[in-house]
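In this note's numbering, the protein residues as written are 7 to 136. A short write-up of the structure that comes next.
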């Protein structure tokens, strides 16, 4: 079994959409940028306003806004990242109840539910490191 780690929005303008959701939800705020993160972004040619991945934190799961330009109809624009202790075991269990594997990466697996909605299974140890 797993727990929701974060809800992920694919969007055109992450900073703008993150601010909207932070304003809408009680107890949520855009994750603060420290000097090290601002320097990292600057080295990549970004600022907090143009950051391609903006996080919003609050009393429930974090919300991630990531830049994906253009609408892709083979990929839902909102998905859950589910934190699991045994990713391989959960992949097999979920396949037994109708899920399918889309791709496997070093720290997470992209899957689809029986109606084609994507979600990610994320290693618990990776979630704790973040």
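Every residue, glycine too, gets a C-beta built ideally from N, C-alpha and C.
Output the distance between the C-alpha atoms of residue i and residue j, rounded to the nearest integer angstrom.
| i | j | result |
| --- | --- | --- |
| residue 127 | residue 74 | 20 Å |
| residue 81 | residue 123 | 8 Å |
| residue 83 | residue 53 | 24 Å |
| residue 20 | residue 47 | 14 Å |
| residue 98 | residue 109 | 14 Å |
| residue 103 | residue 66 | 27 Å |
| residue 25 | residue 18 | 13 Å |
| residue 41 | residue 72 | 21 Å |
| residue 96 | residue 7 | 7 Å |
| residue 12 | residue 125 | 11 Å |
Evaluate residue i with the Cβ neighbour count: other Cβ atoms within 10 Å of its Cβ, from every protein chain shown; 16 or more gives buried, anything less gives exposed.
| i | result |
| --- | --- |
| residue 100 | buried |
| residue 88 | buried |
| residue 57 | buried |
| residue 117 | buried |
| residue 16 | buried |
| residue 69 | buried |
| residue 30 | exposed |
| residue 49 | exposed |
| residue 45 | exposed |
Since residue i and residue j should fall inside the 8 Å C-beta cutoff, what is the C-beta to C-beta distance between them, to a whole number of angstroms?
| i | j | result |
| --- | --- | --- |
| residue 93 | residue 129 | 5 Å |
| residue 28 | residue 35 | 5 Å |
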